[in-house]
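Residue numbers (our numbering): -13 to 582.
Heads up, the beta-carbon is just placed ideally off N, CA and C, and yes, glycines get one too.
First up is the structure itself, then whatever we jot down about it.
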Amino acid sequence: MFSHGHLDTPTGPDSGDAGGQFLTKADGSKVITLAANARDQVRDGQFRWRGMRYAGRSKDANKIVVYSNQRGGRSWDVMSLNLDTNERELLTPKHPGEVEQWLVDQEGIPRVAVVTTEKDEELPPEERLMRVMIRDSLEAPWRELAKFTRGSGERWQPVDFAENNRDLIVSFNGKRDTSALYRFDTTKGEMGELIAAHPRYDLGETAEGMQATLLKVRNKVVGLSFDDETVQTVYFDDRLARRQHMLEKAFPGKEVWAQDTDTDLVLVSVQSDRSPPVFYLYDEARKTMREFLRASETLDERHLVAMRPFLLKTRDGLEIPSYYFLPASYKPGQKLPVVVHIHGGPFARADTWGTSGFGVREAQLLASRGYAVVLPNFRITPGFGKKIYRAGFGEYGRKMSEDHEDAATWAVRQGFGDPKRICISGASYGGAAALWATIKSADVFACAVAGLAPSDPRVQNTSVQTDYVYSKGAVAHWKRVLGVKGDDWSVADEVAPARHADRSRIPIFMYSGMDDYRVPIEQTRLMADALKKAGKPPEVVMIKMGEAHGFGKLDNRVELYTEMLKFLARHIGVGPTPGTGEGVAAAEPVANPSAK
């Protein structure tokens, strides 16, 4: 099953020819269209997205089970899909309520449903009522297994069926800080033994979804893979554990992921922080392996530097897992210009170990030009337990921004950061943080790069130009993040960069897409106009036609980073680049063909 896209297409209206979902055999033959691309899903001027997600195997060898919204409506369905004929059989003609999650058992039968109500959509996520429904067979009646609000301490989330195909594997915090995986006895309705947990990282569900991937063979869970500082993969099955150990030994320091097939061949993916994925076919019977596919033919370890984990210790005592990058030519004792890149969201764990992620790509490019780069996570980032996540609510522009300052201070204390040559950058929330840093943190940062940046939270969450304002639940969640009570936006106005532009004290580089639907172009114009009125116009404002929430066209990305490098060179200088040992001005940035 695959989708498709165009690497050199703007992210705005012209991106509509991409997307879709298709099925093909391993040799590329017999392509079946499961869902049309975005442009073909427009009817009468309205976009009605229809898609599918893989759910599991069917008892029939030529069928799989998929989640689908083909019928429309609020709830998705579960369908059986014939791989030979594309025929579909609806397995959930009747729903036990407004279903937000289905779970199929080891035979591909939908037997668990997490139910909410339409009214709850107006509430912040943590206040919504959840009911977990279960049935014993496809024909059996539904019964309620549990009921709680999403923010309740008793709340748990079903993840999969246990090996007996009766009990559940669930995500649960209980009295723990981090979410863990437990067994739930469906007969007694009781929480059972702990299956897997980590003292610092969530292994279960967070605000961003599941943090661990359950590894399955023929619908049965046999292990799990999760992101901590790097990536860990563990198997409960002894044979598979031995195979994983053998593969990891063959590729030291890299993430190795194996997917079994119906033959002796195993699809193996190998990647790291310095190498994009390479796929191999491993013949388990003959113990031979051959390369099958490379994600990138041009990018390899020669071009990239290590993604180094560290713990960001905030001034009020939090310890937040984060990353930093040093140029390949760095020598201990050198004082480097530093870029602190703030991730978007803000409630997203945007950059994990590897070569993907907007922050990682920007960090690798800047490191190749002699800059040290810090990618801090900060309070409200999910994946690191309840304490860190909840500490961010009501701290937008306050303690969250202090965490960004602490990341800069950390680089200086480590010895590689020059305290007078630190710039802050980011996009979306990261762009907003960069704008606010020009006001709150001008004694820490020498310049700011702000992309796709909301500059006025009140306008962002009330303007009809913003795509999510029609969702009462989404706006309610943002109010909680901002600390807004009722209709009193004053607490958000206090940290709105556009409302305090006269206090901005460092150079600003801004970039936006004209067709951005998430952070409308009015947000860039509000800040630019306010700065001009204050007699402090932004040094660079780059607005690209046809682009939305991010730049997709290669020429636009090259121009963005070319101008950004010039901006950084003007304000924090340049660092040593490979083969020089001394600062040299960067020329054209190398375009990453895998960037999107």
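Self-check item: C-alpha gap between Glu215 and Lys552, whole angstroms
Solution: Taking the first residue of the sequence shown as 1, we reach residue 215 at position 229. Taking the first residue of the sequence shown as 1, we reach residue 552 at position 566. If I take the Cα positions, the gap works out to 33 Å.
Quiz item: Pro483 and Ile425 look like a contact to me (Cβ under 8 Å); what is the Cβ gap, rounded to whole Å?
Solution: Locating residue 483 in the sequence shown gives position 497, where the first residue counts as 1. Locating residue 425 in the sequence shown gives position 439, where the first residue counts as 1. 6 Å between Cβ atoms; contact.
Self-check item: Assigned exposure category for Lys530 - 16 Cβ within 10 Å defines buried
Solution: On the sequence shown, residue 530 is found 544 positions in, with the first residue counted as 1. So Lys530 counts as buried.
Quiz item: Quick one: what's got a C-beta closer than 6 Å to Glu86's C-beta in the same chain, skipping five residues either side?
Solution: Residue mapping note: residue 86 aligns to position 100 of the sequence shown, counting from 1. Around Glu86: Val100, Thr102.
Quiz prompt | Test item: CB-CB of Asn48 and Asp91 under 9 Å | solution = Position 62 of the sequence shown, counted from the start, is the residue given in the question as residue 48. Position 105 of the sequence shown, counted from the start, is the residue given in the question as residue 91. No, the pair does not count as a contact, with Cβ atoms beyond the cut-off.
Quiz item: Going by the CB atoms, is the gap between Phe265 and Glu277 shorter than 9 Å?
Solution: To locate residue 277, count along the sequence shown from 1; it is residue 291. To locate residue 265, count along the sequence shown from 1; it is residue 279. Yes; because the gap between Cβ atoms is below 9 Å, this pair is in contact.
Practice problem: Kindly provide the ranges of any alpha helix (DSSP H) runs that are 4 or more residues long and lie completely inside the region 306 to 384, ordered along the chain. | Solution: 344 to 354, 372 to 376
Quiz item: With distances taken between CB atoms, is the gap from Gly369 to Arg407 smaller than 9 Å?
Solution: As a first step, residue 369 is located in the sequence shown; it is residue number 383 there, counting from the start. As a first step, residue 407 is located in the sequence shown; it is residue number 421 there, counting from the start. Their beta carbons are not under 9 Å apart, which means Gly369 does not touch Arg407 by this criterion.
Quiz item: How far does the beta strand (DSSP E) with Trp243 in it reach, from first residue to last?
Solution: Here residue 243 refers to the residue found at position 257 of the sequence shown. From DSSP, the beta strand (DSSP E) with Trp243 extends over 241 to 246.
Self-check item: Asp248 versus Arg43, Gly(-2), Gln56, residue with shortest Cα-Cα distance
Solution: Here the question's residue 248 lines up with position 262 in the sequence shown. When only C-alpha atoms are compared, the closest one is Arg43.
Exercise. Check Arg407 in the structure and name its three-state DSSP category.
Key: Start at 1 with the first residue of the sequence shown, and residue 407 comes out as number 421. Arg407: strand per DSSP, three-state reduction.
Quiz item: Taking the alpha-carbon positions, what's the Gln446 to Asp389 distance?
Solution: The sequence position of residue 446 within the sequence shown is 460, counting from 1. The sequence position of residue 389 within the sequence shown is 403, counting from 1. Cα to Cα, Gln446 sits roughly 23 Å from Asp389.
Exercise. Give me whichever residues DSSP pairs with Asp213 in a beta bridge.
Key: Against the sequence shown, residue 213 aligns to sequence position 227. Val217, per the DSSP bridge assignment.
Quiz item: Distance, Cα to Cα, Glu93 vs Phe431?
Solution: As a position in the sequence shown, residue 93 is number 107, starting the count at 1. As a position in the sequence shown, residue 431 is number 445, starting the count at 1. Each residue's alpha carbon lies about 57 Å from the other.
Self-check item: Beta-bridge pairing of Phe537 - partner residues as DSSP gives them
Solution: Start at 1 with the first residue of the sequence shown, and residue 537 comes out as number 551. Phe537 pairs with nothing; no bridge assigned.
Exercise. Rank Ser255, Ser411, Arg280 by C-alpha distance to the C-alpha of Tyr268 and give the top, closest one.
Key: For the purposes of this step, residue 268 is taken as the residue at position 282 of the sequence shown. If we check each option's Cα against that of Tyr268, Ser255 comes out closest.
Self-check item: Bridge partner(s) assigned by DSSP for Pro79
Solution: Residue mapping note: residue 79 aligns to position 93 of the sequence shown, counting from 1. Pro79 pairs with nothing; no bridge assigned.
Quiz item: Are the beta-carbon atoms belonging to His329 and Gly345 less than 9 Å from one another?
Solution: Walking along the sequence shown from the start, residue 329 turns up at place 343. Walking along the sequence shown from the start, residue 345 turns up at place 359. It is a contact, given that the beta carbons lie within the stated cut-off.
Quiz prompt | Option nearest Gly175 by Cα separation, candidates Asn205, Ser66, Val208, Glu140 | solution = Here residue 175 corresponds to residue number 189 of the sequence shown, with the count starting at 1. Here the closest residue by C-alpha is Glu140.
Quiz prompt | Reduced DSSP secondary structure (H/G/I, E/B, other) of Tyr40 | solution = Translated into positions along the sequence shown, residue 40 becomes position 54. Strand, per DSSP.
Exercise. Kindly indicate which residue of Pro(-1), Gly37, Val467 has the alpha-carbon position closest to the one of Met(-13).
Key: What you label residue -13 is simply residue 1 of the sequence shown in a count that begins at 1. For the residues Pro(-1), Gly37, Val467, the minimum Cα distance to Met(-13) belongs to Gly37.
Exercise. Have a look at Val360, Val544, Glu348, Leu322 and flag the residue whose alpha-carbon is nearest the alpha-carbon of Asp404.
Key: Here residue 404 refers to the residue found at position 418 of the sequence shown. The shortest Cα separation from Asp404 among Val360, Val544, Glu348, Leu322 belongs to Leu322.
Exercise. With a cut-off of 8 Å on the beta carbons, I'd call Thr164 and His184 a contact; round off their distance for me.
Key: Translated into the one-based positions of the sequence shown, residue 164 becomes position 178. Translated into the one-based positions of the sequence shown, residue 184 becomes position 198. The pair is a contact, with the Cβ atoms about 6 Å apart (cut-off 8 Å).
Quiz prompt | Whole-angstrom distance between Pro562 and Glu287, CA atom to CA atom | solution = Locating residue 287 in the sequence shown gives position 301, where the first residue counts as 1. Locating residue 562 in the sequence shown gives position 576, where the first residue counts as 1. Those two C-alpha atoms are separated by around 19 Å.
Quiz item: Under a three-way DSSP split, which group does Phe553 fall into?
Solution: As a working mapping, residue 553 is identified with position 567 in the sequence shown. Three-state DSSP puts Phe553 in a helix.
Quiz item: Out of curiosity, what's the CA-to-CA distance linking His81 and Lys206?
Solution: On the sequence shown, residue 81 is found 95 positions in, with the first residue counted as 1. On the sequence shown, residue 206 is found 220 positions in, with the first residue counted as 1. Spanning the two alpha carbons is a distance of roughly 25 Å.
Exercise. Sort out for me which residues DSSP pairs Asn68 with in a bridge.
Key: Here residue 68 refers to the residue found at position 82 of the sequence shown. According to DSSP, Asn68 bridges with Lys49.
Quiz prompt | Euclidean distance between Cα positions of Ser(-11) and Tyr40 | solution = In the sequence shown, counting from the first residue as 1, residue -11 sits at position 3. In the sequence shown, counting from the first residue as 1, residue 40 sits at position 54. Going from the Cα of Ser(-11) to the Cα of Tyr40 covers about 13 Å.
Self-check item: Touch test, the region 123 to 143 against the region 478 to 497, Cβ-Cβ under 8 Å, three pairs minimum
Solution: no
Exercise. Assign Met232 to buried or exposed, taking buried as 16 or more other Cβ atoms, counted over all protein chains shown, within 10 Å of its Cβ.
Key: Translated into positions along the sequence shown, residue 232 becomes position 246. Counting Cβ neighbours within 10 Å, Met232 comes out exposed, since fewer than 16 surround it.
Quiz item: With distances taken between CB atoms, is the gap from Leu226 to Ala182 smaller than 9 Å?
Solution: On the sequence shown, residue 226 is found 240 positions in, with the first residue counted as 1. On the sequence shown, residue 182 is found 196 positions in, with the first residue counted as 1. It is not a contact, given that the beta carbons lie outside the stated cut-off.
Exercise. Could you tell me the distance, in whole angstroms, from the CA atom of Glu391 to the CA atom of Tyr309?
Key: Taking the first residue of the sequence shown as 1, we reach residue 391 at position 405. Taking the first residue of the sequence shown as 1, we reach residue 309 at position 323. Taking the straight line joining both Cα atoms gives about 15 Å.
Quiz item: In terms of alpha-carbon separation, which member of Phe537, Lys202, Asp453, Glu130 lies closest to Thr118?
Solution: Stepping through the sequence shown from its first residue, residue 118 is reached at position 132. Sequence inspection shows Val at residue 118; the Thr mentioned does not correspond to that position. When only C-alpha atoms are compared, the closest one is Glu130.
Quiz item: Are the beta-carbon atoms belonging to Ala397 and Val450 less than 9 Å from one another?
Solution: What you label residue 397 is simply residue 411 of the sequence shown in a count that begins at 1. What you label residue 450 is simply residue 464 of the sequence shown in a count that begins at 1. No; because the gap between Cβ atoms is not below 9 Å, this pair is not in contact.
Quiz item: So what's Pro295 in DSSP terms, helix, strand or just coil?
Solution: By 1-based counting over the sequence shown, the position of residue 295 is 309. Here Pro295 sits in strand by DSSP.
Quiz prompt | Straight-line gap, Leu(-7) to Asn542 (C-alpha atoms, nearest Å) | solution = What you label residue -7 is simply residue 7 of the sequence shown in a count that begins at 1. What you label residue 542 is simply residue 556 of the sequence shown in a count that begins at 1. Those two C-alpha atoms are separated by around 12 Å.
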